[in-house]
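Let me begin by presenting the structure, written as structure tokens, before commenting on it.
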Amino acid sequence: MTKYREILRLKHLGFSERNIARNAGVSRNTVKRVAQAASANNIDWKTAEQMDDATIENRLFPNRKTSEPAHTIDFEYIRKELMRNGVTKKLLWTEYCESCRLCNREPLMYSQFCYYIQQEEQKRRATMHIPRRPAEMVEVDWAGDPAHIIDPDTGELLNAYLFVATLPYSQYTYVEAFLDEKTRNWIRAHVHMYEFFGGVTTMLVPDNCTTAVNHARSDWYTAALNRTYGEMAEHYGTAVVPARVRHPKDKASVEGNVGKISSWITAALRNEEFFSLAELNAAIRNRLDQFNARPFQKKECSRQEIFENEERPQLRPLPATPFEIAEWKTSTVQFNYHIVLDGMYYSVPYQYIKKQVESRLTDSTVEVYYEHERIASHARLHGRPSQYSTVKSHSHQGYLEWDGERFRRWATGVGENTAAVINALLSGSSAEQQSYRSCMGVLKLGKRHGNAMLEWACERTLRYTSRPSYKNIRDLLLCGSDRPQTKPDGEKGSRRGITRGARNYGGSK
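Its first residue numbered -16, the sequence shown is counted upward by one per residue in this note's numbering.
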């Protein structure tokens, strides 16, 4: 609306029409028309001082239609037209002015025209406060700015990434530092978060990161969860609702708290030195407790008070045991009905030999699946590599494609020392099948280096140890300095050569 009060005030102070137009943001014609109307209706500044602009307008122009204010703009039309190539606000303002003249209405100045469009756009982008229910959801994310620790051995400055979780209802927050943002630490952060809250929310809202969402299997409408993340959510009985890509308002609470955490924790600890992750997290916990206990600026309570009094009682109980971080691996069952996982051997039923299986590894267990059905379970092996975990029922007495006797017959055909090595390998395992892989490796060395060389290597190995291994024999064949110089196959002499008698060389008497 035109600033009638300002025009009359400046006119009363003796300003020129040019200066009044510039200060009131109107044209000189408008100033002249307002001054003429005020004089005709006997309205001076003393009279207008007690009125607002709308009242002054009615007194100055009583016959003007007030149902259509001067700045009436079709904002929906303007918004659609601005999306078209080449259409500018200047062009639309020119068209608007032409339509106003046809209707005998005074158009807005270009600056006012742009101002009202901007105001309308801000209304369209305005956000609505969405009330949250206690224990309804938790929002999680990684903070943008990392903290730091010092490597005590090298003095190197290492990044420590902050995991932040916020309950939107109470704004109660959890923070923990990790050396990376990979799946194992992502899951561990959630386990610690639920322990900190002492319960579980109905929903879990993470960022659209690779540790939460499998982007290769996701599309615009559905988000496929990372397998381990989905198992964790199922274990705690919560539903994962990932935020949309480039939609930070989907998790507005944690996004807002990330900035506060950066100043309240990260910046506050910037001058302190930490030489381990444990030291840093202890300092973070101290600052976090202060952050949660600090009263809100516009409320008389704190995050902790709202959480303890209203939200904690509504949380679902924690499961009996915390979630164990699991890793999935794919492998093929070997002819000795074992699979290799991190250098350790685990048996599966013999029927799955040469089949591809999936294994789920936690810190304590190994579970083997074939076509989503569990076929074997073992306690996870740790320590010395090449250990075996064998279930006797996985073997089959009638399954004789590979057995100890077959390896013994093969070794006997090579030589007595090779046979002795194979016997030692077969008898040196708690289950004979565990040594089949080593036996196969030893005997195949004969095909590569020749049976004579294999027999020599076995004889030398047995001189030094009663518990030979495939590695001992292989290394001897590759690096042994005193190995015999044997002719390559095919150079032992030809049976088709012509043998001449002594008379052909020495003559006859």
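Every residue, glycine too, gets a C-beta built ideally from N, C-alpha and C.
Check: Do you know how far the Cα of E399 is from the Cα of M423?; Outcome: 17 Å
Check: Drop a sphere of 10 angstroms on the beta-carbon of S330, count the other beta-carbons inside from all chains shown, and report buried for 16 or more, exposed for fewer.; Outcome: buried
Check: Under 8 Å, with one C-beta from each stretch per pair, do the stretch 129 to 146 and the stretch 257 to 269 reach the 3-pair mark?; Outcome: yes
Check: Measuring straight from C-alpha to C-alpha, what distance separates E40 and K63?; Outcome: 33 Å
Check: Would T518 and T13 qualify as a contact pair, given that the criterion is a beta-carbon distance under 9 Å?; Outcome: Outside the displayed span of the chain (-16 to 492) sits residue 518, for which this structure offers no information.
Check: Does Q339 come out as helix, strand or coil in the three-state DSSP assignment?; Outcome: strand
Check: Whole angstroms is fine: what's the gap from E178's alpha carbon to V224's?; Outcome: 21 Å
Check: DSSP three-state call for A359: helix, strand or coil?; Outcome: strand
Check: Pairs of beta-carbons, one from the stretch 337 to 350 and one from the stretch 307 to 321, closer than 8 Å: are there three or more?; Outcome: yes
Check: Spell out a yes or no on whether the stretch 273 to 280 and the stretch 292 to 306 are touching, meaning 3 or more CB-CB pairs, one atom from each, closer than 8 Å.; Outcome: no
Check: Compute the Euclidean distance between the alpha carbons of A493 and V123, then round it to the nearest angstrom.; Outcome: Residue 493 is absent from the model: the chain starts at -16 and stops at 492.
Check: Got a sec? Which residues, its chain only, sit under 6 Å from S153 by beta carbon, not counting five neighbours each side?; Outcome: R286, I289, F290, E294
Check: Starting from Y60, trace the alpha helix (DSSP H) in both directions and tell me its first and last residue.; Outcome: 58 to 65
Check: DSSP state of H508, grouped into three classes?; Outcome: Summary: the structure shown does not reach residue 508, with the chain confined to residues -16 through 492, and so no result is reported for it.
Check: Just to confirm the assignment, what range does the alpha helix (DSSP H) spanning N2 have?; Outcome: 0 to 7
Check: Can you tell me where the alpha helix (DSSP H) holding I132 begins and where it ends?; Outcome: Per DSSP, I132 belongs to no alpha helix (DSSP H); it is in the beta strand (DSSP E), 130 to 133.
Check: How is K492 classed by DSSP in three states: helix, strand or coil?; Outcome: Low confidence applies to K492: its pLDDT is 43, below 50, so where it sits in the model is not reliable enough to give any reading.
Check: List the whole-angstrom C-beta distance separating E119 from T184, where the pair is believed to meet the contact cut-off of C-beta under 8 Å.; Outcome: 6 Å
Check: Looking at the unbroken alpha helix (DSSP H) that takes in V425, where does it start and where does it end?; Outcome: 419 to 432
Check: Is H365 helix, strand or coil by DSSP?; Outcome: coil
Check: Which residue marks the beginning of the beta strand (DSSP E) containing I456, and which one marks its end?; Outcome: Counting along the chain, I456 falls outside any beta strand (DSSP E), though it belongs to the alpha helix (DSSP H) covering 453 to 462.
Check: Going by DSSP, what residue range makes up the beta strand (DSSP E) through T38?; Outcome: No beta strand (DSSP E) holds T38; the alpha helix (DSSP H) holding it covers 36 to 43.
Check: If you reduce the DSSP assignment to three classes, tell me which class L271 lands in.; Outcome: helix
Check: Since K312 sits in a beta bridge, which residues does DSSP pair it with?; Outcome: S342
Check: Pull up the distance between the alpha-carbon of G326 and that of Q339, whole angstroms please.; Outcome: 18 Å
Check: In whole angstroms, what is the alpha-carbon distance linking G396 and K454?; Outcome: 22 Å
Check: In or out: N2 buried (at least 16 other Cβ within 10 Å) or exposed?; Outcome: exposed
Check: Among K106, A148, V158, which residue has its Cα nearest to the Cα of M186?; Outcome: A148
Check: How about L271 and Y157: do their beta carbons lie closer than 9 Å?; Outcome: yes
Check: Here's the rule I'm using: 16 or more other beta-carbon atoms within 10 Å means buried, otherwise exposed. How should Y212 be labelled?; Outcome: buried
Check: If you draw a straight line from the alpha carbon of I405 to that of R391, how long is it in whole angstroms?; Outcome: 7 Å
Check: By the three-class DSSP mapping on this structure, what secondary structure does S10 have?; Outcome: coil
Check: Can you say whether R343 is buried or exposed, counting buried as having 16 or more other CB atoms within 10 angstroms of its CB?; Outcome: buried
Check: What first and last residue would you give for the beta strand (DSSP E) that runs through H321?; Outcome: 321 to 324
Check: How would you call N264, buried or exposed, if buried means at least 16 neighbouring beta carbons within 10 angstroms?; Outcome: buried
Check: Taking buried to mean at least 16 other C-beta atoms within 10 Å of its own C-beta, is S376 buried or exposed?; Outcome: exposed
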